[in-house]
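Undergrad: Residue numbers (the working numbering): -10 to 336.
Pasting a structure here, questions to come.
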């Protein structure tokens, strides 16, 4: 385990870092810098936290001599969305998301950090929005530039700026001086993403950088979109690269003739409703259901999972709940023949 110690000596900076310590001590997420301990000695606040040996995303991007692969961009961005979704679910605004505050492990896994100007959202803040202008100019939202109340959608805007920077290796909003930058931000005036990237990535940038906050997706909605797109892409790849050509041929024949649909029957209301987000064209071999989560196995031996994921039981590499079936990538090519679910006795 690597540790990082942050030393803070000036009184006003100590107050800021005490806020950071307070927030960090409450957070527990695989893509957020972990807090271990803090103490004050001779007027100096010492904060002991997780060390990300891979540097920052800003450093990674500045060292690039060619465009990043889309798969690598979306892998890291999905981790950012997971972290920010967790913050928002716990009523925390980061307020200073930027590439310099996205830390990386040696394997380039994301660790969001630097919560010095973050704040908890009270009920009043959630209803009316925050008003203090903070953050880094290149990443602040139009509503913040105009001195309007803002909420978690300003963090979403910053994520859009980060995604743009990862794809283009330059900031979305730049200018010779601060007024020029602000003028572009309040008009959402930026060059479109170019390069060898999918329409899905370009559309995501566009949605995250919508001028009106209410038109931007939540971090959670953006995360679900990214995961859904990845699952569909992997399914297409799995179909194309299947080693057994005979099996592929048989699958295509079955696919053209028949597929499965899955419905939920509500006994109390006597209603039948389709399961949202079911992948098109699959044939269900088995489904295992508990009161909290479900696992589905297709005839092509693809495994999908959804529901409560508090303990990571869906096998998706995180602890985020899923409202719709998601492909379990770690089981691709494993030849799964049966699935089962159990019950957790903890509350």
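We put the beta carbon where it would ideally sit given N, CA and C, even for glycine.
Residue 36 and residue 92: beta carbons closer than 8 angstroms?
TA: It is not a contact, given that the beta carbons lie outside the stated cut-off.
Undergrad: Is there contact here, the region 26 to 35 with the region 62 to 69, by at least three beta-carbon pairs under 8 angstroms?
TA: Short answer: they don't touch.
Undergrad: Would residue 315 pass as a contact of residue 216 if the rule is Cβ separation under 8 angstroms?
TA: Closer than 8 angstroms, so yes.
Undergrad: Going by DSSP in three states, residue 94 sits in which element: helix, strand or coil?
TA: Coil.
Undergrad: Go to residue 293, then tell me how far its beta strand (DSSP E) extends in each direction, as first and last residue.
TA: 292 to 296 is the extent of the beta strand (DSSP E) around residue 293.
Undergrad: Taking 7 angstroms as the limit between beta carbons, can you name the residues of its chain near residue 328, skipping five residues before and five after?
TA: So the qualifying residues of the chain are 275, 277, 284, 286 and 292.
Undergrad: Note down, in chain order, each residue of its chain lying with its Cβ closer than 6 angstroms to the Cβ of residue 56, except the 5 sequence neighbours on either side.
TA: Excluding residues within five positions, the ones whose Cβ falls inside 6 angstroms are 184.
Undergrad: If you follow the alpha helix (DSSP H) that residue 195 is part of, which residue opens it and which one closes it?
TA: 188 to 197 is the span of the alpha helix (DSSP H), which, as asked, contains residue 195.
Undergrad: How would you write the range of the beta strand (DSSP E) that residue 277 sits in, first residue to last?
TA: Here the beta strand (DSSP E) through residue 277 covers 273 to 278.
Undergrad: Going by C-alpha to C-alpha distance, which of 302, 27, 191 and 136 sits closest to residue 174?
TA: Selected option, being the one with the closest Cα: 136.
Undergrad: So, is residue 256 buried or exposed, given that buried needs 16 or more other C-beta atoms within 10 angstroms?
TA: Classification for residue 256: exposed.
Undergrad: Would the region 94 to 101 count as touching the region 157 to 177 if we require 3 or more Cβ pairs under 8 angstroms?
TA: Judged by Cβ distances under 8 angstroms, the region 94 to 101 makes no contact with the region 157 to 177, as fewer than three pairs qualify.
Undergrad: Following the continuous alpha helix (DSSP H) through residue 17, name the residue where it begins and the one where it ends.
TA: Run containing residue 17: none; DSSP gives neither H nor E here.
Undergrad: Taking residue 101 as part of the beta strand (DSSP E), name the residues at either end of that continuous run.
TA: Start and end: 99 to 101.
Undergrad: Over what stretch of residues does the beta strand (DSSP E) that includes residue 163 continue unbroken?
TA: No beta strand (DSSP E) holds residue 163; DSSP gives it neither H nor E.
Undergrad: Can you grab the Cα-Cα spacing for the pair residue 97 / residue 89, in whole Å?
TA: Distance between the alpha carbons of residue 97 and residue 89: 14 angstroms.
Undergrad: Near residue 324, which residues of its chain fall below 8 angstroms by C-beta distance, leaving aside the five closest residues on each side in sequence?
TA: Same-chain partners within the cutoff: 290.
Undergrad: At the level of alpha carbons, what is the spacing between residue 350 and residue 166?
TA: The displayed coordinates of the chain run from -10 to 336. Any statement about residue 350 would go beyond what the structure contains.
Undergrad: Check the C-beta distance from residue 295 over to residue 313 and give it rounded, since I have them as a contact under 8 angstroms.
TA: Their Cβ separation, rounded to whole angstroms, is 6 angstroms, which keeps residue 295 and residue 313 in contact under 8 angstroms.
Undergrad: Here's the rule I'm using: 16 or more other beta-carbon atoms within 10 Å means buried, otherwise exposed. How should residue 211 be labelled?
TA: With 16 or more other Cβ atoms within 10 Å, it is buried.
Undergrad: Do you know offhand how far residue 266's Cα is from residue 301's?
TA: Distance between the alpha carbons of residue 266 and residue 301 is about 20 angstroms.
Undergrad: Mind reading off the beta-carbon distance from residue 193 to residue 152? Whole number of angstroms is fine, and I expect it under 8 angstroms.
TA: Confirmed, Cβ separation roughly 7 angstroms.
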